[in-house]
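Colleague:
Protein chains in written order, with the numbering used here: chain A, 48 to 532; chain B, 139 to 508.
Okay, here's the thing in structure tokens:
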């Protein structure tokens, strides 16, 4: 009787083989074909039509999903339009989640993040449809608006930080774009908007505050050089340093001239404090040569250079080049040659000095909330590094006060409030107007806000522009808005 | 041997663990398929069904197989009664089939599932009489066997539940073939099935909804919003799984709720989409292992009755797996059959675990030889 069972076993084996083979066939051979079928669009619609979490600033939405009557069920809306475009990014049916938080926190906003696991279990048990988490940002609407208005139509970026926590209070990059144009359900218009944004020479989709091509920091980098000098223990603010009209660079016939070819002190000598106050290139070039490239680089790294941060958007690391010969070292010490920074990094240098030498990790999301606004996760300020000793930070603060009180940064003065800061005017090519900087914090004794402002190609003043004339007034308005916090 | 020891020795632990594994995987897949609509309710009920099934299997395992044989006529008659009741006003119609009896408390039973168990025992009883006297079953025995199989098959067809009727037919065919019945009976039955399918497709014998399903199988585009839509969505789901799948709870087709009856008839597509080829093939291998265990028990058993019971279970399970997975893959027409152990459904779960009990019972008979 075993023979028939054996035959039966063959039949059984054959049936399983057929099933395995056809599973293989569908999952590997036909898979592409099946995925391309129009029927699959239904699944896309389904994933899109789930209610996505909102992004809030001071409790008001800057990105939210509103119900629609069309088949997508929800449309993404950005009530402030362009102002927050680089913070929120866009959420488009055609192009997906991109730029800003829409992309960086897509998993939370769409409700798929592992952080929401327990919340999801509750939803499963209570039978609620899944909803994305809501993000409450660290942005202060008043500071953001001040930055938005002060920068105006000029290309550039503004970043404001709370120096004690690292919370980002404002992040503006210009030019901007209207994310509503990409979130539209009129797919033809979305496609047109996308093409024109990508063709725009001003590259409005780039967030210059944290990414993009990076900027030469110009004289704002003298803060790093000064920090290295004071930390070495060989210099104090009153140390006497050379300050000729131009510094002869070793191994070459080139020189490092001062702005306007001025001399920094009688007999070409000055103090470190005064050199910073009037942004004396020859003094800082000389200091760079004395300290050497390694000391400069290591001081920069302590402020956060070279690190890839996520705020949660990825921040391009700022760089001090690896190989610097002597002339290059002198140029790097005044923020030229191939030193490249993000405005956020410059703000972190200033915020570190403001915070007694401790740099806090910058962050943009204050709370993650469920759809009914229960707090799921709260950001805890974290220390990124100890850039300088508290004593050195105090010395730097006092020198930066002089810059604003009587030096290049006078346009950043706020009546009744002591401001500390530093200007920068970064040449970036023959015949091109300089990128102009200001970075500073206020009040100097009890800092509430630290800012970095960069305006590309001199802004509206073109080649007449300096950090003092263009950027300092912008920084002043942003700091004023942050003082009331 | 004391009684607990007896149960212990009777149990084919490989089989039980495989069946338990399938039931638990089933609970997870059912959860994934229904969590958006119903939360965890069905998954929990699936687990409760599994627990009841295990108890039933343990009870059957403890029965003496001679006792089982004595019970066979009554079990068979009870199943006929159940199938008759379904057709009476007591039965209720779900999805065009009159297959269920509603019980108080929101429960319902599907007698066609339990008829599979009854037919395994009934056929074995009739055909094993011949084997005890060490000769093949007579023509009279085989004719009686076909009659015994034919009545429930006919009743199930009347519901109409084509899938279950096919399973019962395959079960009967396998058992009769293995019993040593004269070859003409087996070939005759195969020929009859062939004629039956031809007739079904060419004459109005089948109900409209059965023919719709068969037509949809051949031309899925014919009815994109009905049954054709379903087969296509299922294949899109399985096709999107790839090698490792989309991840549990991540399948877009499954989570989007695009596949009606996914927790029952199309639970295999959840595995295909979310667990990928590895998961789907793994599921098939475990199902195959259960069938192979049934056949191994059949080969090892000297006792003719136990052997035919084991063969019956093997034929039932393999055909049902083939039909169910086949319709998920578009190989077979959609006939509304659960995947053994894995699909959501109490009656099916109980029937499958009763089958495990029967196999364990036969397992003891195989141990006796040595």
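Glycine residues also receive a C-beta, built at the ideal position from the N, C-alpha and C atoms.
Note that the structure is a prediction, hence the values are computed from the model and not measured.
1) Is the stretch 449-460 of chain B in contact with the stretch 300-320 of chain B, if contact means three or more CB pairs nearer than 8 Å?
2) Going by the beta-carbon positions, is the gap between residue 131 of chain A and residue 149 of chain A smaller than 7 Å?
3) Spell out a yes or no on whether the stretch 479-489 of chain B and the stretch 161-170 of chain B are touching, meaning 3 or more CB-CB pairs, one atom from each, closer than 8 Å.
4) Skipping 5 residues on each side, what residues in its chain have a beta carbon closer than 7 Å to that of residue 375 of chain B?
5) Quick one: does residue 437 of chain B have its CB under 7 Å from some CB of chain A?
6) Around the Cβ of residue 418 of chain A, are there at least 16 other Cβ atoms within 10 angstroms (buried) or fewer (exposed)?
7) Report the start-end ranges of each alpha helix (DSSP H) in the stretch 321-402 of chain A that is 4 residues or longer and not cut off at the edges.
8) Which residues in chain A sit within 7 Å of residue 460 of chain B, going by Cβ to Cβ distance?
9) Measure how close the beta-carbons of residue 267 of chain A and residue 405 of chain A come, nearest whole angstrom, since I'm counting them as under 8 Å.
10) In terms of DSSP beta bridges, what is residue 239 of chain B paired with?
11) May I ask you to verify whether the stretch 406-425 of chain A touches the stretch 221-241 of chain A, counting CB pairs closer than 8 Å and requiring at least 3?
12) For residue 252 of chain B, which residues from the same chain have a beta carbon less than 6 Å from its beta carbon, with the 5 sequence-adjacent residues on both sides left out?
13) Would you say residue 422 of chain B reaches chain A, if we count a Cβ-Cβ gap shorter than 7 Å as a contact?
14) Where do the N-terminal and C-terminal ends of the alpha helix (DSSP H) with residue 294 of chain A fall, by residue?
15) Can you list the residues of chain B that residue 52 of chain A reaches, using a CB-CB cut of under 7 Å?
16) Are residue 335 of chain A and residue 397 of chain A touching if we call contact CB-CB under 7 Å?
17) In the DSSP assignment, the beta strand (DSSP E) including residue 424 of chain A goes from what residue to what residue?
18) In chain order, what residues of the same chain have a beta carbon less than 6 Å from the beta carbon of residue 247 of chain B, not counting five sequence neighbours either side?
19) Compare the C-beta of residue 171 of chain B with all C-beta atoms of chain A and state if any pair is closer than 7 Å.
20) Measure the beta-carbon distance from residue 389 of chain A to residue 257 of chain A and round it to whole angstroms, keeping in mind my assumption that it falls under 8 Å.
21) Run the CB neighbour count on residue 64 of chain A, radius 10 Å, all protein chains shown included, and call it buried at 16 or more, exposed below.
22) Using DSSP with H/G/I as helix, E/B as strand and the rest coil, what is residue 487 of chain A?
23) Determine the closest residue to residue 247 of chain A out of A/223, A/261, A/262, with distance taken between C-alpha atoms.
24) Applying a beta-carbon distance threshold of less than 8 Å, which residues of chain B neighbour residue 74 of chain A?
25) Starting from residue 183 of chain B, trace the alpha helix (DSSP H) in both directions and tell me its first and last residue.
26) Does DSSP classify residue 361 of chain B as helix, strand or coil?
27) Do residue 277 of chain A and residue 439 of chain A count as a contact pair if the criterion is CB distance below 7 Å?
28) With distances taken between CB atoms, is the gap from residue 494 of chain A to residue 401 of chain A smaller than 7 Å?
29) Between residue 467 of chain B and chain A, is the shortest Cβ-Cβ distance under 7 Å, so that the two count as touching?
30) From residue 223 of chain B to residue 487 of chain B, what distance separates their C-alpha atoms?
31) Using a Cβ cut-off of 9 Å, which residues of the stretch 302-313 of chain B contact any Cβ in chain A, in chain order?
32) Any beta carbon from chain A within less than 7 Å of residue 456 of chain B's own beta carbon?
33) Which term fits residue 349 of chain A, buried or exposed, when burial requires 16 or more other beta carbons within 10 angstroms of its beta carbon?
34) Just the C-alpha distance for residue 105 of chain A and residue 186 of chain A, rounded to the nearest angstrom, thanks.
35) Is any beta-carbon of chain A found at less than 7 Å from that of residue 329 of chain B?
Modeller: Inspection of the coordinates gives the following:
1) yes
2) The sequence position of residue 131 of chain A within the first chain is 84, counting from 1. The sequence position of residue 149 of chain A within the first chain is 102, counting from 1. Not closer than 7 Å, so no.
3) yes
4) Working through the second chain from its first residue, we reach residue 375 of chain B at position 237. Contacts found: 389, 391, 392, 397, 407, 410, 411.
5) On the second chain, residue 437 of chain B is found 299 positions in, with the first residue counted as 1. Interface residue, yes.
6) Locating residue 418 of chain A in the first chain gives position 371, where the first residue counts as 1. By the 10 Å Cβ count, residue 418 of chain A comes out buried.
7) 328-338, 340-349, 373-380, 390-401
8) For the purposes of this step, residue 460 of chain B is identified with residue 322 of the second chain, where counting begins at 1. 62, 66, listed in chain order.
9) Counted from its first residue, the first chain places residue 267 of chain A at position 220. Counted from its first residue, the first chain places residue 405 of chain A at position 358. About 19 Å; that fails the 8 Å criterion.
10) Within the second chain, the letter at position 101 stands for residue 239 of chain B. In the DSSP output, where bridge partners are listed per residue, residue 239 of chain B has B/229, B/247.
11) no
12) Numbered from its first residue, the second chain carries residue 252 of chain B at position 114. These residues qualify, in order along the chain: 217, 489.
13) Sequence index remark: in the second chain, residue 422 of chain B carries index 284 (1-based). Yes, residue 422 of chain B lies at the interface with chain A (some Cβ there is under 7 Å from its Cβ).
14) Taking the first residue of the first chain as 1, we reach residue 294 of chain A at position 247. Taken as a continuous stretch (DSSP letters only), residue 294 of chain A belongs to no alpha helix (DSSP H), being part of the beta strand (DSSP E) at 293-295.
15) Taking the first residue of the first chain as position 1, residue 52 of chain A is located at position 5. Under the 7 Å cutoff, chain B gives 316, 433, 436, 437, 449.
16) Within the first chain, the letter at position 288 stands for residue 335 of chain A. Within the first chain, the letter at position 350 stands for residue 397 of chain A. Contact flag unset, no.
17) Working through the first chain from its first residue, we reach residue 424 of chain A at position 377. Per DSSP, residue 424 of chain A belongs to the beta strand (DSSP E) from 422-425.
18) Counted from its first residue, the second chain places residue 247 of chain B at position 109. 239, 485, listed in sequence order.
19) Along the second chain, one-based indexing puts residue 171 of chain B at 33. Not an interface residue.
20) As a first step, residue 389 of chain A must be located in the first chain, where it is residue number 342. As a first step, residue 257 of chain A must be located in the first chain, where it is residue number 210. So it is a contact: roughly 5 Å between Cβ atoms.
21) The residue labelled residue 64 of chain A in the question sits at position 17 within the first chain. It counts as exposed.
22) Reading the first chain from its first residue, position 440 is the one you call residue 487 of chain A. Three-state DSSP puts residue 487 of chain A in a strand.
23) Translated into the one-based positions of the first chain, residue 247 of chain A becomes position 200. Ranking the options by Cα distance to residue 247 of chain A, first place goes to A/223.
24) Within the first chain, the letter at position 27 stands for residue 74 of chain A. Residues of chain B passing the Cβ test: 376, 377, 379, 380, 381, 410, 414, 415, 418.
25) Here residue 183 of chain B is taken as the residue at index 45 of the second chain, counted from 1. Counting along the chain, the alpha helix (DSSP H) containing residue 183 of chain B begins and ends at 179-200.
26) Taking the second chain and counting its residues from 1, one reaches residue 361 of chain B at position 223. Any reading at residue 361 of chain B needs caution, since the residue's pLDDT is 48, under 50, leaving its predicted position unreliable; the model's value is listed next. Note: residue 361 of chain B maps to coil in three-state DSSP.
27) On the first chain, residue 439 of chain A is found 392 positions in, with the first residue counted as 1. On the first chain, residue 277 of chain A is found 230 positions in, with the first residue counted as 1. Cβ atoms of residue 439 of chain A and residue 277 of chain A: closer than 7 Å.
28) Locating residue 494 of chain A in the first chain gives position 447, where the first residue counts as 1. Locating residue 401 of chain A in the first chain gives position 354, where the first residue counts as 1. Yes. Within cutoff.
29) Counted from its first residue, the second chain places residue 467 of chain B at position 329. It does; some Cβ of chain A falls within 7 Å.
30) Walking along the second chain from the start, residue 223 of chain B turns up at place 85. Walking along the second chain from the start, residue 487 of chain B turns up at place 349. Distance between the alpha carbons of residue 223 of chain B and residue 487 of chain B: 21 Å.
31) 312
32) Within the second chain, numbered from 1, the residue matching residue 456 of chain B stands at position 318. For residue 456 of chain B, the answer is yes, since a Cβ of chain A falls inside 7 Å of its Cβ.
33) Taking the first residue of the first chain as 1, we reach residue 349 of chain A at position 302. Buried: at least 16 other Cβ atoms inside 10 Å.
34) Here residue 105 of chain A is taken as the residue at index 58 of the first chain, counted from 1. Here residue 186 of chain A is taken as the residue at index 139 of the first chain, counted from 1. About 8 Å.
35) Numbered from 1 along the second chain, position 191 holds the residue referred to as residue 329 of chain B. So no, residue 329 of chain B is outside the interface.
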